[in-house]
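2 protein chains.
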Amino acid sequence: MSSPTPAYDAVAATYTRLHHFGHLQSLASWDQSANMPAKGNEARAAALAEMAALLHRMRTDPALAAQIERAEQEPLSELQRANLREVGRDWRSANALPESLVQRRQLATARCEHAWRSQRPANDWAGFLSHFGDVLAVAREEATLLAAQTGLSRYDALMDQYEPGMRTAVVDRLFGDLRQWLPGLIRQARERQAGERVIEPTGPFAVAAQRALCEQVMGVLGFDFDAGRLDVSAHPFCGGVPEDVRLTTRFAEHSFIGSLMGTIHETGHGRYEQNLPRALLGQPVAQARSSALHESQSLSFEMQLGRHPGFVQRLAPLLSASFGSQPAFDAQNLHRLLTRVRPGLIRVDADEVTYPAHVILRYEIERALIEGEIEAADIPALWDEKMMDLLGVDSRGNHKDGALQDVHWPAGLFGYFPCYTLGAMYAAQWFAALRRDLPDLDARIGRGDLAPLFNWLRERIWSAASRWTTDELAQRASAEALNPAHYRAHLEARYLG
Amino acid sequence: MSSPTPAYDAVAATYTRLHHFGHLQSLASWDQSANMPAKGNEARAAALAEMAALLHRMRTDPALAAQIERAEQEPLSELQRANLREVGRDWRSANALPESLVQRRQLATARCEHAWRSQRPANDWAGFLSHFGDVLAVAREEATLLAAQTGLSRYDALMDQYEPGMRTAVVDRLFGDLRQWLPGLIRQARERQAGERVIEPTGPFAVAAQRALCEQVMGVLGFDFDAGRLDVSAHPFCGGVPEDVRLTTRFAEHSFIGSLMGTIHETGHGRYEQNLPRALLGQPVAQARSSALHESQSLSFEMQLGRHPGFVQRLAPLLSASFGSQPAFDAQNLHRLLTRVRPGLIRVDADEVTYPAHVILRYEIERALIEGEIEAADIPALWDEKMMDLLGVDSRGNHKDGALQDVHWPAGLFGYFPCYTLGAMYAAQWFAALRRDLPDLDARIGRGDLAPLFNWLRERIWSAASRWTTDELAQRASAEALNPAHYRAHLEARYLG
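First to last, the protein sequences are chains A and B.
For the first sequence, this note's numbering gives the first residue as -13, with consecutive numbering after it.
For the second sequence, this note's numbering gives the first residue as -13, with consecutive numbering after it.
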């Protein structure tokens, strides 16, 4: 008997092949950050550019366009139709760009990111500009093409790749509101904490012990080590494929908090990937919904759970077992340490309250860059002004802890930054909904009974993948679309409560 | 101005693309052995099968065939002509096999190798047979197709893939002669060593210290750590790409000799790869000449140099520095330890003198398997008989240290085994030639002055890549084609001298 959906099946087969090739691409990207020695870079960049070109050719094959069109007329299930919707998104975004641009983007970002690794420690802004110009030029070109196709603004067209449906107008409203109350909250929290006595942990903390602790905590958080691993890279990330998730962290002997909380963050990403639905793996509908949804999982782990007083109580004895007992590992002290509000230069080291200020800064600058309102050379002055304005921090002349601190811009990832704070908002919304569904959630966390929390996330978020739009997923999970009130309520309860 | 060699340029461009895709394939294969968690296997196998099919399609594209034919009429340089000769070899071997067979081979070997990893420790011969049947069936089919194309016997057709130009008739003559004198040499060497007092090193030897020692010795041997690295796998190998060589070893706390000598072996492979000519990288002419030539490098490092009394003298203080001083690390004792002749079950643990007996055994069995003279079920009885005959060792019922000990057969690598002993013969020939060219070679090794040795290998072997046939390369390097007399002379000098 022949299939009643031959065109859909052909489209699905193409996406299975894309999934197979994407596997090799993801692995090579992970390896590039986690393992690759310096002289391997040129060959790796060439190999990845070749693969990017192949995937682009597959996505822009006219035969695929025709199959998608015919598949839309076939008798599809609701899930198949959802897949076809996501296929359409993927097709439109690929077909907006010529292959030559895809290849130029790959080469420009690989070169810029590689150079950035040594330019950052050298505080070499001028050197960075020489490569970054190409990355920005390619990104603007890409944004222009995507905007022409979608009718969106250039920045919206880029942001839509990470956060389907999200628009500058919404982000402006959310971040504009945040800009109003955040400085006051930071000030009040700092005043409140001024009188607290917090004992700093005394190092050094052996890297081997830190690694063992990170892996232990990943186990507590349900990470499946038969389907993933933890390695080291300069900038922590969650890579690999859903079937084999590669988390990275970084270790410094003088402190374990960065590696531990970073690992907890990436474990949130990792569990999302490990729990995407298996039956349709490879199809766009089985991919994580969006970047903000992804960050909502990492921040549910790192912030909502990881800094929860009940969880910190469970964490404290693990620290003593790993590094030997010391007064700083008292659970209450540890909680104060993990919730201390201290404006600083580095986004990834920022506390939960000052973090969104870093995101607002990057959002405002990158949007203006992409819309052509400013040039790359304007970044340092704007950076300094906004750091002072938002956090009262002087960043002048310190490029390495300024615009050179993040991999996103050298890697050409414009439009991603807002997702961090949108994710924090979603995470607060999930936990508000969780507390409605599981009134004893906080007590359970204190008892180390995390299964109901993970089950909730699996059912509502992870296994839903891209079956619904983000708004509909949020509605189904928490009975409302994105509502930033939960985020403010969470921060006020934790920091002023 | 347009190129006077448009067809050749098109062929070369295709091989550059194959090199880029092959990069991702090699990396994923290395990762599969060095990093991949168990549940990642199915997705990895599917990704690698997809890539194998793509590469096969590129190699069998009729347009490529036409370009190769036209390129042969173009005004090519000697090097371009050599490249076209190697392209022709590659083209013929790819075009003898249909894509369906390539895909079945990939899946059958991935499944069998994966199952083998747990069947080996469980001594599960019956379980192994259930997957190995598919691997053997596919290998025979492949051999039949290659034989039909080349006019060679089925086994010769497989062996020719690893060792171009080598034939069963030659191997039979070389190994037949070896079979004559080897048992006597083993007996004499053992009699001679019977009276020696050898002190065993006392463990345990911490894995971290072993790893540091291995990396130190790789440095002494000139391995470029900016273009490669050392990791761990169940079966040590040299993988990756020439621009980024991935060596593996394995550590056991009770002994450091396996990890150290294994690493020295793989470093020989690694330096060959790292020193292939850069200008034409990606073209077949820039690839290592053959498997026996590759093994001639690993065995030049592990056996000719690694067990040279002068080198062992340099090694001894490194051991004391790594593990603390002990009587076993006396240089003379260490040399006795490293040259002790002891028939055993395991090929990779075998000493220099009994090693070829393991290779003869495998050669005789796999040739009969491929030629259809025996079936997989016949292996254990033949194995037992030959182990007793060649080495006087009883292997009955011990499958895990018998036919299950090697990855080659589950991975479908029939025709490779002879290359180990051919490589040992070439290595002895290189060192005989080296001593003619550098009369003070042995004194230099004793002084740790290894540069002239490496320079000789770089000029004569590594940088020549596949520019000449193996016979011509041997002629140019050592003024004669393969001459097994050097191998016998080397063993007699070292073990009976």
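Using N, Cα and C, we set each Cβ at its ideal position, and we do this for glycine too.
*Look up B/R106 in the DSSP assignment and say whether it is helix, strand or coil.*
Looking up residue 106 of chain B in the second sequence gives position 120. The answer is coil: DSSP assigns B/R106 none of H, G, I, E or B.
*Hey, A/L487 and B/A14 are a contact pair by Cβ (cut 8 Å); roughly how many whole angstroms apart?*
Given a span of -13 to 483 for chain A in the structure shown, any question on residue 487 of chain A remains unanswerable.
*Counting only runs of 3+ residues fully inside the segment 348 to 429 of chain A, write out the beta strand (DSSP E) ranges in chain order.*
Inside the segment 348 to 429 of chain A, DSSP marks no whole beta strand (DSSP E) run of 3 or more residues.
*Would you mind working out which of A/D337, A/F309, A/P425, A/S311 sits nearest A/R322, comparing C-alpha positions?*
Residue mapping note: residue 322 of chain A aligns to position 336 of the first sequence, counting from 1. The shortest C-alpha separation from A/R322 is found at A/D337.
*Who are the Cβ neighbours of B/W442 in its own chain at under 6 Å, not counting the five residues just before and after it?*
As a position in the second sequence, residue 442 of chain B is number 456, starting the count at 1. Result list for B/W442: L420, in chain order.
*For B/I332, is the classification buried or exposed, using 16 other Cβ atoms within 10 angstroms of its Cβ as the cut-off for buried?*
Locating residue 332 of chain B in the second sequence gives position 346, where the first residue counts as 1. Burial call: exposed.
_Own chain residues within Cβ distance below 8 Å of B/V193, not counting five before or after_ = For the purposes of this step, residue 193 of chain B is taken as the residue at position 207 of the second sequence. The answer, listed in chain order, is F237, E239.
*For a contact meaning CB atoms closer than 7 Å, what does A/R215 contact in chain B?*
Position 229 of the first sequence holds residue 215 of chain A. Ordered by position in chain B, the residues that pass the 7 Å Cβ test against A/R215 are N21, P23.
*Which residue comes first and which comes last in the beta strand (DSSP E) that contains A/R444?*
Here residue 444 of chain A corresponds to residue number 458 of the first sequence, with the count starting at 1. Here A/R444 belongs to no beta strand (DSSP E), and DSSP marks it neither H nor E.
*Note the first and the last residue of the continuous alpha helix (DSSP H) segment covering B/T2.*
The residue you call residue 2 of chain B lines up with position 16 of the second sequence. It spans -8 to 20 - the alpha helix (DSSP H) in which B/T2 sits, taken as one unbroken run.
_Using the three-state DSSP reduction, which class does B/L267 fall into: helix, strand or coil?_
Sequence index remark: in the second sequence, residue 267 of chain B carries index 281 (1-based). The answer is coil: DSSP assigns B/L267 none of H, G, I, E or B.
*Give the single residue among A/Y481, A/L34, A/R71 whose Cα lies nearest to the Cα of A/E272.*
Along the first sequence, one-based indexing puts residue 272 of chain A at 286. Position check: residue 272 of chain A holds Ala in this sequence, whereas Glu was assumed. Among A/Y481, A/L34, A/R71, the Cα nearest to that of A/A272 is on A/R71.
*Identify the contact partners of B/E128 in chain A, using a Cβ-Cβ distance below 8 Å as the criterion.*
Counted from its first residue, the second sequence places residue 128 of chain B at position 142. What B/E128 touches in chain A: nothing, since even the nearest Cβ is about 23 Å away.
_So the candidates are A/E229, A/S104, A/S(-12), A/G378; which of them puts its Cα closest to the Cα of A/R264?_
Translated into positions along the first sequence, residue 264 of chain A becomes position 278. If we check each option's Cα against that of A/R264, A/E229 comes out closest.
*Name the chain B residues that come within less than 8 Å of A/L207, Cβ to Cβ?*
Translated into positions along the first sequence, residue 207 of chain A becomes position 221. Neighbours of A/L207 on chain B: none; closest Cβ ~17 Å, over 8 Å.
*Within 10 angstroms of its Cβ, does A/W80 collect 16 or more other Cβ (buried), or is it exposed?*
Along the first sequence, read from residue 1 onward, the residue named residue 80 of chain A stands at position 94. According to the sequence as given, residue 80 of chain A is Ala; it is not Trp. Answer is buried; the Cβ neighbour count reaches 16.
*Residue ranges of each alpha helix (DSSP H) run of no fewer than 4 residues wholly in the segment 231 to 282 of chain B, ordered along the chain?*
243 to 260
*In chain order, which beta strand (DSSP E) runs of at least 3 residues are fully inside the segment 176 to 200 of chain B?*
The segment 176 to 200 of chain B is shown to contain no whole beta strand (DSSP E) run of 3 or more residues.
*Under 8 Å Cβ-Cβ, which residues of chain A neighbour B/M37?*
For the purposes of this step, residue 37 of chain B is identified with residue 51 of the second sequence, where counting begins at 1. Within 8 Å Cβ-Cβ: H6, F7, L10.
*Give the residues of chain A in contact with B/R3, contact being defined as C-beta atoms less than 8 Å apart.*
Within the second sequence, numbered from 1, the residue matching residue 3 of chain B stands at position 17. E36, listed in chain order.
*Can you tell which of B/D(-5), B/R45, B/A471 has the C-alpha that lies nearest to the C-alpha of B/E60?*
Indexing the second sequence from 1 puts residue 60 of chain B at position 74. Among B/D(-5), B/R45, B/A471, the Cα nearest to that of B/E60 is on B/D(-5).
*Determine contact between the segment 389 to 398 of chain A and the segment 134 to 141 of chain A, defined as no fewer than three beta-carbon pairs at a distance below 8 Å.*
no
*Decide yes or no for the touch test of the segment 211 to 218 of chain A against the segment 348 to 361 of chain A: beta carbon pairs closer than 8 Å, at least 3 of them.*
no
*Any C-beta of chain A sitting closer than 9 Å to the C-beta of B/G256?*
Residue numbering aside, residue 256 of chain B sits at position 270 when the second sequence is read from its first letter. Output row for B/G256: interface = no.
*Output, in chain order, the set of chain A residues within a Cβ distance shorter than 8 Å of B/D230.*
The count along the second sequence starts at 1 and reaches residue 230 of chain B at position 244. Residues of chain A passing the Cβ test: M22, P23, K25, G26, A29, R30.
*Give the DSSP bridge partners of A/V227, in chain order.*
On the first sequence, residue 227 of chain A is found 241 positions in, with the first residue counted as 1. DSSP, once it has assigned bridges, lists A/D230 as partnering A/V227.
*Near B/F242, what residues of its chain come up, given a Cβ to Cβ distance below 6 Å and the 5 sequence neighbours on each side ignored?*
As a position in the second sequence, residue 242 of chain B is number 256, starting the count at 1. Cβ neighbours of B/F242 beyond the five flanking positions: F191, Q196.
*Can you list the residues of chain A that B/A33 reaches, using a CB-CB cut of under 9 Å?*
Taking the second sequence and counting its residues from 1, one reaches residue 33 of chain B at position 47. Near B/A33 (Cβ distances below 9 Å), the residues of chain A are H5, H6, F7, G8, H9, L10, L13, V227.
*Identify, in the order they occur along the chain, each residue of the same chain with its Cβ nearer than 8 Å to the Cβ of A/H251, setting aside the five sequence neighbours on each side.*
Counting from one through the first sequence, the residue named residue 251 of chain A turns up at place 265. Within the same chain, A/H251 has close Cβ partners P222, S284, L285, F287, E288, G292.
*Could you please give me the residues that DSSP links to A/V218 through a beta bridge?*
For the purposes of this step, residue 218 of chain A is taken as residue 232 along the first sequence, with counting starting at 1. According to DSSP, which records beta bridges pairwise, A/V218 is partnered with A/T235.
*asked:* So, for B/V(-3): in the same chain, excluding its five sequence neighbours on each side, which residues have a beta-carbon less than 8 Å away from its beta-carbon?
replied: In the second sequence, the residue the question calls residue -3 of chain B occupies position 11. By the criterion of a C-beta distance shorter than 8 Å, B/V(-3) is surrounded in its chain by L50, Q53, I54, A57, L70, V73, once the five residues flanking it on both sides are discounted.
*Between the CA atoms of A/D387 and A/G162 - distance to the nearest angstrom*: Stepping through the first sequence from its first residue, residue 162 of chain A is reached at position 176. Stepping through the first sequence from its first residue, residue 387 of chain A is reached at position 401. Cα to Cα, the separation comes out at about 25 Å.
*Less than 8 Å between the CB atoms is what I'm expecting for A/I356 and A/A129, so what's the real figure, rounded?*
Working through the first sequence from its first residue, we reach residue 356 of chain A at position 370. Working through the first sequence from its first residue, we reach residue 129 of chain A at position 143. Indeed, because the Cβ distance is near 5 Å, the residues count as touching under 8 Å.
*Which whole-angstrom value describes the C-beta separation of B/L304 and B/Q202, a residue pair presumed to lie in contact below a C-beta threshold of 8 Å?*
Locating residue 304 of chain B in the second sequence gives position 318, where the first residue counts as 1. Locating residue 202 of chain B in the second sequence gives position 216, where the first residue counts as 1. With 8 Å as the limit, B/L304 and B/Q202 qualify as a contact, their Cβ atoms being about 6 Å apart.
*Mark B/L(-10) as exposed unless 16 or more other C-beta atoms lie within 10 angstroms of its C-beta, in which case mark it buried.*
Taking the second sequence and counting its residues from 1, the one referred to as residue -10 of chain B is at position 4. At residue -10 of chain B the sequence reads Pro, which differs from the Leu that was named. Burial call: exposed.
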